[in-house]
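A.B. asks: For the sequence shown, position 200 (counting from the first letter as 1) is numbered 208 according to my numbering, and the numbering increases by one without interruption.
Cβ atoms here follow ideal geometry from the backbone N, Cα and C, with glycine treated the same way.
The structure displayed is predicted, hence computed values, not measured ones.
My questions all concern the structure below.
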Amino acid sequence: MGTFNRYFAGVLALAALTFSGPASAELGRAAPWQLGLQEAASPIMEQIHSFHNFVTAIIVVITLFVLVLLGWVMFRYNEKRNPVASRTSHHTMLEVVWTIVPILILVAIAIPSFRLLFAQYDYPKADVTINATGHQWYWSYEYPDEEIQFDSLMLADNQLKEGQPRLLSVDNEVVVPVGKNVLVQVKSTDVIHDWAMPSFGIKVDAVPGRLQTTWFRAEKEGTFYGQCSELCGRNHAFMPIAVRVVSEEEYAKWVAETKEAALDDGKSVAGAEPAGEPDADDGDKLAAIEN
């Protein structure tokens with residue numbers, strides 16, 4: 009009996025780990041062997057979590073019901089137990105039930121689904137506006153209200169500092185204040201890219217000749233990572249996105265320091281040319297990525 013209890017406890021522990029993926033994930037990025045969604049850092053992502061859990065529960069119940077029903081039919085109506093097959097061709101009540109119940113299930117799924125879609129595309133008044141432009145193979149950003157713009161390229165392995173994740177860290181992070189509505193306008197200069205930030209529940213295509221818009225409100229401070237999520241060429245995997253969420257005071261300080269650095273250097277951000285015009289150092293980084 010002790011062996012059974014230990015085995016049962018192990019199964020419960022495994023199930024707990026499986027369904028608590030978001031809680032155990034590292035903030036802002038996926039964790040090794042993570043099965044669940046990334047931890048929510050915005051109201052939209054919290055709604056996505058709730059909708060995901062709701063639909064998953066429905067799927068599990070339906071799957072178990074079908075499996076039990078199949079098992080019962082195989083056991084009860086096999087040739088040995090039921091040598092004379094039934095000639096019943098229809099059952100009105102049963103047919104009504106299996107038509108109405110799926111309709112009710114779909115309606116129950118549709119209501120929170122439409123509510124979530126409405127929340128994603130109902131843009132509140134923006135406190136910060138950011139223009140994100142996809143290039144092969146890096147991102148450039150512009151804060152039009154602050155007159156700040158810079159390129160953001162992935163750091164090579166020999167440029168990483170302690171604690172910076174490989175293939176996700178960049179030389180210039182997007183910085184936003186916590187608890188503020190951020191409007192992101194996404195476009196591309198060459199092929200289709202995709203600006204995706206899982207912790208914020210964002211995924212929007214960057215299409216040449218078209219301006220796509222999304223928004224988020226980060227409720228937690230920290231650095232959050234995403235990646236280009238549309239195949240865009242051989243270095244598609246090397247287009248990370250890093251967003252650093254800070255307090256309002258830190259954000260104001262960053263804006264002031266960035267503007268001051270731009271005045272000193274005659275550039276849009278310290279150490280970088282205006283968006284879309286990478287300097288020689290950026291060319292070296294792209295070459296290192298390609299190699």
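Any idea what DSSP makes of residue 165, helix, strand or coil?
C.D. replies: Here residue 165 refers to the residue found at position 157 when the sequence shown is read from its first residue. Helix.
A.B. asks: Grab me the residues of residue 184's own chain with a C-beta within less than 8 Å of its C-beta, minus the 5 sequence neighbours each way, in chain order.
C.D. replies: As a first step, residue 184 must be located in the sequence shown, where it is residue number 176. Once the five neighbours on either side are set aside, the close Cβ partners of residue 184 are 136, 138, 190, 226, 251, 252, 253, 254 and 259.
A.B. asks: Can you tell me which of the three DSSP states residue 238 falls into?
C.D. replies: One-based indexing of the sequence shown puts residue 238 at position 230. Looking at residue 238 - three-state DSSP - the assignment turns out to be coil, as it is neither helix nor strand.
A.B. asks: Can you give, in chain order, each stretch of the beta strand (DSSP E) that sits fully within the stretch 176–221 and has at least 3 residues?
C.D. replies: Counting whole runs of 3 or more residues, the stretch 176–221 contains the beta strand (DSSP E) stretches 182–185, 189–196, 201–205 and 210–214.
A.B. asks: Report the start-end ranges of each alpha helix (DSSP H) in the stretch 23–89 that is 4 residues or longer and not cut off at the edges.
C.D. replies: With a minimum length of 4 residues, the continuous alpha helix (DSSP H) runs that stay inside the stretch 23–89 are 29–32 and 51–84.
A.B. asks: Quick check: the Cα distance between residue 20 and residue 59, rounded to an integer number of angstroms?
C.D. replies: Here residue 20 corresponds to residue number 12 of the sequence shown, with the count starting at 1. Here residue 59 corresponds to residue number 51 of the sequence shown, with the count starting at 1. For residue 20, the predicted structure reports a pLDDT of 38, less than 50, and the residue's modelled location is therefore unreliable. A value from the coordinates is still provided. So the two alpha carbons sit approximately 24 Å from each other.
A.B. asks: Among 261, 39 and 46, whose alpha-carbon lies nearest the alpha-carbon of residue 154?
C.D. replies: As a working note, residue 154 is residue 146 in the sequence shown. Comparing Cα-Cα distances from residue 154 to each of 261, 39 and 46, the minimum goes to 261.
A.B. asks: Work out the CA separation of residue 122 and residue 193 for me, nearest whole Å.
C.D. replies: Position 185 of the sequence shown, counting from 1, holds the residue named residue 193. Position 114 of the sequence shown, counting from 1, holds the residue named residue 122. If I take the Cα positions, the gap works out to 23 Å.
A.B. asks: In the DSSP output, which residue or residues are listed as bridge partners for residue 129?
C.D. replies: Locating residue 129 in the sequence shown gives position 121, where the first residue counts as 1. Beta-bridge pairing links residue 129 to no other residue.
A.B. asks: Specify, as a first and last residue, the run of the beta strand (DSSP E) that residue 154 falls within.
C.D. replies: What you label residue 154 is simply residue 146 of the sequence shown in a count that begins at 1. No beta strand (DSSP E) contains residue 154, which DSSP labels as neither H nor E.
A.B. asks: Please determine, among 90, 201 and 210, the residue with the shortest C-alpha to C-alpha distance to residue 54.
C.D. replies: As a position in the sequence shown, residue 54 is number 46, starting the count at 1. When each option's Cα is compared against that of residue 54, the closest is 210.
A.B. asks: Under a three-way DSSP split, which group does residue 174 fall into?
C.D. replies: Counted from its first residue, the sequence shown places residue 174 at position 166. The answer is coil: DSSP assigns residue 174 none of H, G, I, E or B.
A.B. asks: Can you tell me whether residue 214 is buried or exposed, with buried defined as 16 or more other CB within 10 angstroms of its CB?
C.D. replies: Working through the sequence shown from its first residue, we reach residue 214 at position 206. Buried, by the Cβ-count rule.
A.B. asks: Run the CB neighbour count on residue 133, radius 10 Å, all protein chains shown included, and call it buried at 16 or more, exposed below.
C.D. replies: The residue given as residue 133 occupies position 125 in the sequence shown. Counting Cβ neighbours within 10 Å, residue 133 comes out exposed, since fewer than 16 surround it.
A.B. asks: Residues in the same chain with beta-carbon distance under 7 Å from residue 238, minus the five sequence neighbours each way, listed in chain order, please.
C.D. replies: The residue labelled residue 238 in the question sits at position 230 within the sequence shown. 200, 201, 202 and 213, listed in sequence order.
A.B. asks: For residue 63, which residues in the same chain have their Cβ closer than 7 Å to its Cβ, ignoring the five residues on either side in sequence?
C.D. replies: For this step, residue 63 is matched to residue 55 along the sequence shown. Excluding sequence neighbours, residue 63 sits near 117.
A.B. asks: Once DSSP output is grouped into helix, strand and coil, what is the label at residue 96?
C.D. replies: Reading the sequence shown from its first residue, position 88 is the one you call residue 96. Coil at residue 96, not helix or strand.
A.B. asks: For residue 218, does the count of other Cβ atoms within 10 angstroms reach 16, so buried, or fall short, so exposed?
C.D. replies: Reading the sequence shown from its first residue, position 210 is the one you call residue 218. With fewer than 16 Cβ atoms within 10 Å of its Cβ, residue 218 is classed as exposed.
A.B. asks: Go ahead and pull the three-state DSSP assignment for residue 145.
C.D. replies: For the purposes of this step, residue 145 is taken as residue 137 along the sequence shown, with counting starting at 1. The answer is coil: DSSP assigns residue 145 none of H, G, I, E or B.
A.B. asks: Taking residue 162 as the reference, which of 129, 174 and 151 has the closest Cα?
C.D. replies: For the purposes of this step, residue 162 is identified with residue 154 of the sequence shown, where counting begins at 1. Minimum Cα distance to residue 162 is reached at 174.
A.B. asks: Out of 99, 88, 66 and 74, which one is the CA nearest neighbour of residue 114?
C.D. replies: Within the sequence shown, the letter at position 106 stands for residue 114. The residue with the shortest Cα to Cα distance from residue 114 is 66.
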